[in-house]
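Visitor:
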Amino acid sequence: MFEKDYDIIVVGGGHAGAEAVAAAANMGSKTLLVTMNLQTIGQMSCNPAMGGIAKGQIVREIDALGGYSGIVTDKSAIQFKMLNKSKGPAMWSPRAQNDRMRFAEEWRLALENTPKADFYQEMVSGLLVEGGKAVGVRTSLGIDIRAKAVVLTNGTFLNGLIHIGEKQFGGGRAGEKAATGITEQLVDIGFDSGRMKTGTPPRVDGRSLDYSRMIPQPGD
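The opening residue of the sequence shown carries number 10 in my numbering; numbering runs sequentially from there.
#1: Comparing alpha-carbon positions, which option in Ala113, Asp127, Gly75, Asn122 lies nearest Glu12?
#2: Nearest by alpha-carbon distance to Phe89: which of Gly60, Leu120, Gly184, Gln52 is it?
#3: Where are the beta strand (DSSP E) runs, 3 residues long or more, that stay fully inside the region 141-195, in chain order?
#4: Taking its Cβ as the centre, do 16 or more other Cβ atoms sit within 10 Å of Leu118, making it buried, or is it exposed?
#5: Could you tell me which of Leu92, Arg204, Gly21, Leu47 sits nearest to Ala63, measuring between CA atoms?
#6: Here's the rule: buried if 16 or more other CB atoms are within 10 angstroms of the residue's CB, otherwise exposed. What is Gly22?
#7: Measure how close the beta-carbons of Ser95 and Gly65 come, nearest whole angstrom, since I'm counting them as under 8 Å.
#8: If you compare alpha carbons, which of Ala31, Leu170, Ala25 is closest to Asn122?
#9: May I ask which residues mark the beginning and end of the beta strand (DSSP E) holding Gln106?
#10: Taking 6 Å as the limit between beta carbons, can you name the residues of its chain near Met132, skipping five residues before and five after?
#11: Give me whichever residues DSSP pairs with Val133 in a beta bridge.
#12: Output needed for Gln177: all residues of its chain with C-beta closer than 8 Å, excluding positions within five of it in sequence on either side, in chain order.
#13: DSSP three-state label for Phe89, please.
#14: Buried or exposed for Tyr15, please, with buried defined as at least 16 other CB atoms from any protein chain shown within 10 angstroms of its CB.
#15: Between the Cα of Asp229 and the Cα atoms of Ile87, Glu115, Ala73, which residue gives the shortest distance?
#16: Would you tell me roughly how many angstroms separate the C-alpha atoms of Ile17 and Pro124, rounded to the nearest one?
#17: Go through the region 49-79 residue by residue and report every complete run of the beta strand (DSSP E) that reaches 3 residues or more, in order.
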């Protein structure tokens with residue numbers, strides 16, 4: 010069973026949360042990751058690619074700082090390609106297409122093999138606040154876990170909404186429930202709450218495609 014007193018608690022196990030856990034633990038802090046599903050740590054929700062013109066810069070910077078994203082990408086990639094080869098070298102940018110499931114598996118293995126990193130599968134419903142400072146979290150089961158600092162990396166899950174056609178329902182990702190409670194508390198404390206949108210195109214059944222009419226794009 011995990012302890013109930015940590016240096017740092019990270020709420021949310023997406024890419025940002027996973028890197029936050031790795032950074033804190035590798036710097037010697039006793040760190041706890043609280044996420045709603047331990048099977049989806051580092052999940053690639055939509056585009057199974059790392060690198061490219063914009064994201065590639067971030068991946069390189071994370072790698073230089075000792076992060077895991079580049080390492081996990083190398084271990085789970087199915088294609089590597091240098092983009093913008095028709096332009097000058099300053100515009101070249103490496104990109105990897107990844108096996109989505111393998112990517113998440115490698116992220117979890119990397120974190121599980123990081124000393125000082127613990128894990129707990131639960132939904133955080135609120136923060137413990139004393140004297141205007143976050144001193145821990147409270148889960149939906151009413152468990153209080155204290156820490157010197159709390160890092161929120163909740164992604165699309167805080168009061169998340171999913172729109173499919175004219176239908177609308179709560180959810181952080183397809184098939185996964187939204188996280189509730191934290192947003193309302195943050196607003197009460199004085200933070201502003203807004204809503205951003207991301208779109209996911211429909212998936213195409215590969216069996217319905219005529220590959221003979223397509224142009225192969227092999228990796229480098």
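Ideal placement from N, C-alpha and C gives every residue a C-beta, glycine not left out. As the structure is a prediction and not an experimental result, all values here were calculated from the model.
Guide: Taking the definition as stated:
#1: Looking at Ala113, Asp127, Gly75, Asn122, the one whose alpha-carbon comes closest to that of Glu12 is Asp127.
#2: Nearest option by C-alpha distance: Gly60.
#3: Qualifying beta strand (DSSP E) stretches, in chain order: 142-148, 153-161, 170-173, 176-179.
#4: Around the C-beta of Leu118, fewer than 16 other C-beta atoms lie within 10 Å, and the residue is accordingly described as exposed.
#5: If you compare the alpha carbons of Leu92, Arg204, Gly21, Leu47 with that of Ala63, the shortest gap goes to Leu92.
#6: Classification of Gly22: buried, given that the 10 Å Cβ count is 16 or more.
#7: Not confirmed; about 17 Å, so no contact.
#8: With distances taken between Cα atoms, Asn122 lies closest to Ala31.
#9: Run containing Gln106: 102-107, per the beta strand (DSSP E) assignment.
#10: Closer than 6 Å at Cβ, skipping near neighbours: Met45, Ser149, Ala188.
#11: Residue pairing by DSSP places Val133 opposite Thr148 in a beta bridge.
#12: Only Leu170, Ile171 meet the Cβ criterion.
#13: In this structure, DSSP gives Phe89 an extended state, which the three-state scheme calls strand.
#14: With 16 or more other Cβ atoms inside 10 Å of its own Cβ, Tyr15 counts as buried.
#15: In this structure, Ile87 is the residue among Ile87, Glu115, Ala73 with its C-alpha nearest to the C-alpha of Asp229.
#16: Linking Ile17 to Pro124 through their CA atoms gives a straight-line distance of about 14 Å.
#17: The qualifying runs are 58-60.
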